[in-house]
Structure formats: C-alpha cells, structure tokens
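If you're matching them up, the sequences are chains B and R in order. Heads up, the first sequence is in this note's numbering, so the first residue is 132 and it goes up one at a time. Heads up, the second sequence is in this note's numbering, so the first residue is 41 and it goes up one at a time. The beta carbon of each residue, even a glycine, is placed where N, CA and C say it ideally should be. Treat the numbers as computed from the prediction; the structure is a model and nothing was measured. Everything below concerns the one structure shown next.
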Amino acid sequence: MVMLAPPTRRPPDATIGVVDRSPVRVLVVDDLPPFRRAVAGVIAVVDGFVLAGEATSGEEALGFLDEHAVGMVLMDVNMPGMGGLEAARRIRGRHPDVTVVLLSVNDTEELPREAMAVGARYRHKDRFGPDELEALWKDGGSAGS
Amino acid sequence: MEGRGVRRLLAGLRGHEIIEIGAPEWERLRTYVQVDLAGVAVAALWLGVLWAGGRREGWLLGIVALLLVMAAFLVRAIRLIRGYRRFAAVVVFALSNWVVAVAVTSVAPFALGTLTLAVLLPVLVAVQHMNHVRLSAMLGATMLVGTALVVVGSVTPGVGLEETVPKAVMDALAIVFIPFITVLVSLAAWQNHRMLVARAEALRESRARLVAAADRERCRIERTLHEGAQRRLVAAAEQARQARRLLGVAPGRAGPLLARLSDDLQEAGAELRDLAHGIYPPQLGQHGLETALRAAARHAPIPTAVRADGVGRYPPEIEINIYFCLVEALQNAVKHAGDQATAAIALQDRNGLSFDFRDTGVGCEPGLVRGGTGMTNINDRLGAIGGTLTIDTRPGGGLRLHGHLPRSALESAGVQRSRQEQGGAVLDALHAVWRLVARLYTNLQRSTHPHPLQYIATGLWTILGVVLGAGTVALALFSGAQVPWLLALAGGCGTVALLIVVALRTVKGDRVEPAIGLSAGITWCYAFTLTVLVPAALPYATLVTVSPVLLSVAFLRRRRFKAIMGGTVAAAVAVTLAGRLLPGVGFRESAPRWLVAGVVVALVVLGLTRASYLAWHNHVMLVARAEALQESRARMVAAADRERREIERDLHDGAQQRLVAAAVQSRVAQRLVDCDPGRAAPALARLHDDLSEAQAELRGLAHGIYPPHLAESGLEEALRAATRHSPLPVVIRARGLGRYPPEVEINVYFCLMEALQNAGKHAGEGATVTIDLCGRDGLSFDVRDTGDGGHPSLIRSGHGITNMYDRMGAIGGTLTLETGPGAGLRLRGYVPGLGAGTRGTL
C-alpha cells in the first residue's frame, strides 16, 4: 500500500514511519514564551518533526492553520481569549485531519465536562519531552482519542 | 407514651435549632411567629371553653374557625422559615394577621380596638428581614389593610354580637389581648434594637477576622514559597551547572544527573501548582464555579456529589467566596463527619444564588458549631459579599449549611437576571402606596431625614392640636348646654396645652434620651386621658401607646429601652381598662354616628402612618449604621481576593511555567547528551540561566507577598529594607519601637507602603518623605512628604487612602489626613493600647 497523502495528512496507523517519511509539521500554541521555547527545543531534537510555527492564542492558531499546512497542534489549555478548549473544538471542526494535543498543568479530570467532547488528546505539561512527542505520534489512533 | 407523642409533635413543630453566627435573625423570627401562634391557640382555647361552658352560639365557633385558619397560616410560616424562605415566611405571617383581623372586625366591630395593633405587628417584624423595596411594599400593604380595618370596624354594623355577647366577655378579651399584642410589638422593637447594636458589632469583628485571615495566608504562602519551590530551584540550578561540567569530564554521568533534574523539576512544578491551586483554583477563573467544585469534590477524601441548577458565571469576588465557603465546609466534613460520611453540594440560581451543603456525618451540638472557626470563616466570607449563612445540625443528624446570596447582591455586583419576581406588579403597587404616604408624611415633617427630636416635636404638636380642638369643642358645647363638666374639660385641655408648650421648649435642647423619656410620658398620659374621655378612641390610643417604644429603637441604650418597654405595656393595660370599663363623656352617644366613625378612622390612619414611618426609620437606621462597616469589609475582602488572583496568576504565568519549561528543557538536554553531545552544552547553559531567572522571580514574588524582614526583625527593619529602592528619598525615624502582634505589624507596614507608593505617584519629582514611628502609648506613625499635596476631598476619595483607612480600622486604629494644594501630604496613624513587646500570635 502506498501512502500518497501530503505531509499535513495524518497517515493510517499501520503505515506510520514505514511509508510516509516526510516530517510532521507542528504548530505550538501557548501564550507564555518559556514553554513555547521549550517545546520548540523538543521538536528540534526529535526526528520526523519540524516546527511549522508558533502562536500565542487560539485565534492566532486558527488564522495560521487557514494559511499553512500543519499535521499536529500542540496547544496550552489555559490561554487568554477563546482558550485552548474552544480553539481545539474549532480546529477539529475546520481541519479534521489535524491532530490536536492539548497540554495542561492540571489533570484531565480537573477540566470541565465538555472538554472530553472537543476531539483533542490531552497531555500533562510537566511530563512533556522528546519521548512523549514520539509516543504521541506512534500511538496513532483517531485524533480525538 | 402519650406525653412523648405530644412532645414529639411540639418538637416537630418547632424543628431543631437554626444556627447563625454573628447576628442571628432566623431563630428570632421563628420564635416570634411561635409566640404569635401560642396567642392564637390560647384565644381559640378560650372561646372553645366558653362554647363548651354553655354558650352554644354560632359566632363563637366562627371565630374559633378563623383562629384555626390563622394558626394554619402560622404553622406554614414556621415551615417556610425551616426551608430558609424568610421573605415568604414574613408575608404568610402578615397575611394571617391581616386576614383574620379584618374578618373578625367585620363580624364583631367591637374587636377593632384589640386588632388595630395586630395589623401593625408584621411590618415591625419585617424591619430587619427585608430590603428597602420589599419593606416599603409591606408598609404600603399595612397602610391599606389598617385603613380597611378601621373603616370596616367603624362603618359596618357587624352581626349584632354586641347584643348577644355579655359585656364582661368582650371586656375580658380586650383586656387580655391588647396588652398581649403590645408585648409582641415591644418585643419586635426590642429585636430591632438588639439587631441594630449586634449587626455593627458582628460586622466589626468579622472585618477584623477576615483581615487577620488574609494576612495569615500571605505569611503562609511566603513561607511555602521560601521553603519549597525557592530551595528546589537553587538546587536545580546547581544540578544544571554540575551536568554542564560533567559533559566535559564524564559525559556518561551527565545523563542520569539530568534525568534526576527533570524529576526534581517536575516535583517542584507540582508543588507550586498545588500552592497556586490552594490560593485560587485556575478552573474557577477559566470554567466557573461548577467545574471548580467538581474538581474539589473529586479530590475530597469522602464521596462528594455536586449538583448545579441554572448556575452560570458570576463576578470573581462572588465565585471565589462561594467556592472557598464550600471547600471549607468540605474540609470540615472530612475532619468531623466520620469515615462513613458522604457529602452533597447543591448550587442553585433562583431568586439569587444559593448553595446547600449536607453531610451524612455524626453532626454535633449546635453550640459547638457556633464557636468553631470554620463556620465563622464561612459566615464572614459569605457576609462580605452580601449573603447569609444558616447552619442546621444535631448530634447524629449530620450537618446542613445553607448559604444564600440574594438577587439584590447579585445585581449590585453586576449580574443581570431577566427573570421577573413573582407578584412584581403587586409589589410595585404597594411600594407606590407607601411612597405616597411617606411623601405626605415627610412634607408634614418638612424633612426627609428627621432627627428624633423632630419626631417628638411633631408628636407633641399633634397632641397640642387635638387638645386645643377638644378644649374648643368643650367650650362651645358648654356655651350651649351649660353643663359644668364641659367647662372643667376645657380647663383641663388648656392645662395640658400649657404643659406641652413647656415640654416643646425642653425638647429643643440637644439631649435625645431625656427628650424621648419626656415625650413618652406625655404620649402615654395623652392616650390615657383621651380614652378616659372618649372610649371610642381606643384603637387610636393603642397605636399612640406603642410609638415611644418604636422611636426608642435607634436612640436608647439597652437599660433605658427596657424601661420604655415596661412603660409601654403598663400604659397599654391602663388605656385598655379605661377604654373598656369607663363610660367616657358621652361623645359616642351625643355626637352623630358618622362623626364618631369619621373621627375614629382619621385618628387611626394618623396613628398608623406615624407608627409605620417609625418602622421605616428604624429600617433605614439599621441599614445605614451597618452600611459603612459592610462596605469596608466588602472592600477588604475584595482586595484580598484580587490579591489572591494576582498571586496565582504570577505563580502560574511566571515561576510555574518556567519550571515546567525547565523540566522539558532538561529532557531535551538529556536526549542531546545521548545523541548529539555537541549541542548539549549550550542547551544546559540556557537551562541554568532560565533556572536562575525563575529563582529571582520567585524571590521577588514572595517578598511582595509578605516581607520576610517583617517577621524576622520587625517594622523598622522591614521598612528600611523596603525603602532602600524607593524612587523618592525616605527618612525613617523610630522611637521606642518594639515588636507588636503580627496583624498590627503587617497592616501598619502595608499602610506605610501604600503611603510611599502614593507619594511616589503624586508628590512629584524632588519631593522627600519622612516617616516617624513612635512606640510609646500605642503605636503611631506620621508620614510627611514635601510634594504638591492636593485637595483633601480628592485625596480622601482615592483608592489608596480608602485602603489605608480600612486596614487601620480593621486593627482598631485611626488615620488622619492633612493636606492642601502645595502643602504636601501628612498622614498620621494610631493604634491604641499596645505596649512595645506585646507580640502575640497571629
């Protein structure tokens, strides 16, 4: 089976890392610079990922996605403006192929009940690093899992 | 067996005690309604005995049936109080009084004298339980019902009971019930009087407690930061430096060190997150009360259910206070309810925001709850945002907390709710009636804020008018009929008029208490004399008798108030005896019936207006006395909450993010050490710098929360340390300064910081500031700047100065301000009763 999807398309699970070798373009969204810098550092050291851009709010991220091809969005939950949850819901609505990973310093059960329905995946900010990023992509599954 | 059943019935009727901390209101309201119920029961019993004793007449049974209806109303009111529906309870109580009064009077007009006061009673009870709008509607209703009652009693013939019922029975009913209702009126006034004093005291204490709690918390946060995250950061920066060194000499050991570092940073981040969470849970600001409470419930050691109905978003000061109230309640349940207990939290937004917290724990004696700090805290917090708390517990019966934030409190905080209150149109109409009456009355008084002396003077003028009128009529009749006693009556009226003129001169002085005493004496004599001469004026006389006790509510001290209460009841007995047993001068017999009815209606409406206005005045005083304190407390709590949010934001956006980022960076460095060691060194250098910056930021934050110098070395040292970097030159002089209780030191410290900030902002360039501190005979400070000064009223209304006033007020101190354009600003603060070295525990 030959996977011909552009890099913005997430490949089916079985073919990850086998057929499609083009790097995953990642958008980092966080209103605070230290964490954006740290995540950019993670992307730089993990093979198969490339930083597509940085955004400081959900609104900015939506604008970026309309103009650029992105495979994955790493986004903070707690941001001024529309916030990560609403931004994730809109991204999933407009770009269903983009994997959205929401990062939070809180545990997922501390998020509001509707958070589970936005179609994003959740990771703890504290534990994020190169291993976690690789695992995220390898886990595959539907982006909303 | 039977006895126990009766006891259980009585206990069920009463319900278990409702506990309120500070200024209890519900319990009093309930006691009050119960006393009224007891009165009704006695009346019904009496009539029942009469019926059983041989007077098998239908009217007796009719009145008994009416009284039983009233008793049902009152039982309903008691149940409403148990359901925390105070307004509805007062309305039901009022309706029961009014319906029965009008119905009984229409059947038996001779009961008018007995029931006039019963119409007034509900509004006096309502004074402390209602807001302005509701109370004015209630006053409007009282005026309407009172007028209807007197018209019905004076105009309708009744069913002819006067002929069938023996006079002795009617007299006995009046002689028992008029003093009984007077006692109830006096008790209502007494409760209003006590509430006036208690509310101010409770507010003052609660403000001091809230300020102390906020300061204690500052101290705790500073300690936690200092001993936890700050130390961890120092160690982490050192580890990053070590790892960088190892890269050159032993690269194999750098990897494990970095792994440990990332674990340490993760732990430090978690610790900081817990701290920030305790200060102000981030979910609260982001997702609102319900989500934040669900998160808190999930972490609670006992199973806790959260239910919310119609709850939306509210201003932060409301959300944070309700959140902390419920978290405190939950902590309390975890501590005391026992292992098997469960808890349930219900939030509801209907006619205001309310919460209901119940646990299935072991409960306790009500007295224990009242003395506990947890419940006092909840009560203070809720009170500060305009809410009320009631507690319901008994051994073995769990604990129930009910908090209510009325719609008016939500609206004044800017929350808009479109739902219209039930019966809004009726409320508006009654409100309009009272506005009309009040406007007529204040025009008569010629002042919207009458002084008690003015009340007394208008009362005396009214009596003078009545006396002179009666004297003139007596003289005119004498000229026609030549009856000697008419001449004597005219002479008596003239003497009383002279006495009143003398009293009016006395009242002109400024001493309120003797003036009230004098006017009470004259008022009672007037009521008595009037009833002796014209027994038909008994309904009016009962209203006149209670006016001194209503006037005294806001002006007399406890002992004198009790004396006035005693006088009122004695006067009521005398007036009733005179009205029922003496023949009078034959006004009713000689004058035409329409004239008698007209005079009685006019007099009763006049008396009712005056009594209602006194009730309104008491309400205004009750609110006004507490208003300044209430506002000050609300400001302090709002400031403390704002500060919490700021600290949480600072921690979350600053140190916590840096720690999380550093943990991620350390993992990146670890990966680089393994696969690309050349890029690892710069990454480690960046990590080290980031950690040092985070450390400096955290130190600055902790210092701003609670200056460490203050606890360690006292006020003078802390001030010197703080002013070292001040933009204006500051001179500090201290004499006889020692150590003081921490709440005094911290509040004086922040006052002085505020003064310095103020000077930095407004004094202008080139100004200097001098601070004099003196520890002799209390603690005083004197801050002067050589700046531009300003208009005193402008400065006094400033945010900074208000904050200083509140802080000094909270520790029992005073603050004075002297300034003028071009004259600089001078602030003097004084905290009395502190010797140097009186350091206590916070």
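(Q) Under 8 angstroms, Cβ to Cβ, is there at least one residue of chain B near R684(R)? (A) no
Quiz item: Which parts of the stretch 385–461 of chain R are runs of the alpha helix (DSSP H), unbroken and 4 residues or longer, counting only runs that do not cross its ends?
Solution: 406–411, 413–424 and 447–452
Can you name the residues of chain R whose CB is closer than 7 angstroms to the CB of F166(B)?
-> Q697, V700 and A701
Evaluate contact between the stretch 417–424 of chain R and the stretch 441–452 of chain R, counting only Cβ atoms and requiring at least three cross-stretch pairs below 8 angstroms.
yes
Fill in: Beta-carbon neighbours of Q705(R), restricted to chain B and to distances below 7 angstroms
A169 and G172
- Helix, strand or coil: which one does DSSP assign to R816(R)? coil
N- and C-terminal bounds of the beta strand (DSSP E) containing L855(R): T854 to T859
Contact set for A112(R): own chain, Cβ-Cβ below 7 angstroms, skip 5 residues either direction: none
Original post:
Would you say P211(B) reaches chain R, if we count a Cβ-Cβ gap shorter than 8 angstroms as a contact?
Top reply: no
Q | C-alpha distance - T145(R) paired with T156(R), whole-angstrom precision | A | 10 angstroms
- Task: Go through its chain and collect everything with a Cβ distance to E359(R)'s Cβ below 6 angstroms, but skip five positions before and after it.
- Result: L324 and L329
*Counting only beta-carbon atoms, is L182(B) nearer than 8 angstroms to chain R?*
no
Exercise for review: Check each candidate in A266(B), V155(B), G189(B) and H199(B) and name the one with the smallest Cα separation from R220(B).
Suggested key: G189(B)
Checklist entry - At a Cβ threshold of 8 angstroms, is R272(R) touching chain B? => result no
Is it right to say G423(R) is buried, meaning 16 or more other beta carbons lie within 10 angstroms of its own, or is it exposed?
-> buried
_Below-8 angstroms beta-carbon distance, G260(B) vs any chain R residue_ = yes
**Message:** Using a 10 Å radius around the Cβ and a threshold of 16 neighbouring Cβ atoms, would you call V541(R) buried or exposed?
**Reply:** exposed
Assess contact between the stretch 603–614 of chain R and the stretch 223–243 of chain R, defined as three or more Cβ pairs (one per stretch) separated by less than 8 angstroms. Is contact present? yes
Taking all protein chains shown into account, do 16 or more other C-beta atoms lie within 10 angstroms of the C-beta of T344(R), making it buried, or fewer, making it exposed?
buried
For L163(B), decide whether its Cβ has a neighbour in chain C, counting only Cβ atoms nearer than 8 angstroms.
-> This model lacks chain C altogether; the protein chains it does include are B and R.
Q) With DSSP run on the structure shown, which of helix, strand or coil describes F259(B)? A) coil
Under 8 angstroms, CB to CB, which of the residues in the stretch 581–599 of chain R have a partner in chain B? none
- prompt: Got a sec, what are the start and stop residues for the alpha helix (DSSP H) S176(R) sits in?
  reply: H172 to V195
For this session: Report the rounded CA-to-CA distance for L175(R) versus V163(R), giving the unit in angstroms.
Result: 8 angstroms
So, using beta-carbon positions, are R390(R) and G427(R) closer together than 8 angstroms?
no
| said: Count Cβ pairs between the stretch 824–832 of chain R and the stretch 753–760 of chain R that sit closer than 8 angstroms; are there 3 or more? | reply: no
### Whole-angstrom distance between Q380(R) and A63(R), CA atom to CA atom
Only weak support exists for where A63(R) lies, its pLDDT of 44 falling under 50; the coordinates are left without a value.
Query - Closer than 8 angstroms to chain R by CB, V236(B) - result: yes
(Q) Can you confirm whether D228(B), when its beta carbon is compared against all beta carbons of chain R, has any partner nearer than 8 angstroms? (A) no
Problem set entry | Beta-carbon gap between L234(B) and D207(B) smaller than 8 angstroms | yes
Report task. Compare the C-alpha of Y363(R) against each of K375(R), I385(R) and L236(R) and name the closest. Result -> I385(R)
Next item on the list: Note down, in chain order, all residues in the stretch 287–315 of chain R with a beta-carbon under 7 angstroms from any beta-carbon belonging to chain B.
Entry: Q306, G309, A310 and R313
Could you name the residues that DSSP lists as bridge partners for T810(R)? V771(R) and R824(R)
Note to self: To the nearest angstrom, how far is the alpha carbon of V159(B) from that of E191(B)?
What the structure shows: 11 angstroms
Is the beta carbon of T571(R) less than 8 angstroms from the beta carbon of I218(R)?
-> no
What three-state label does DSSP hand T344(R) in the structure shown?
strand
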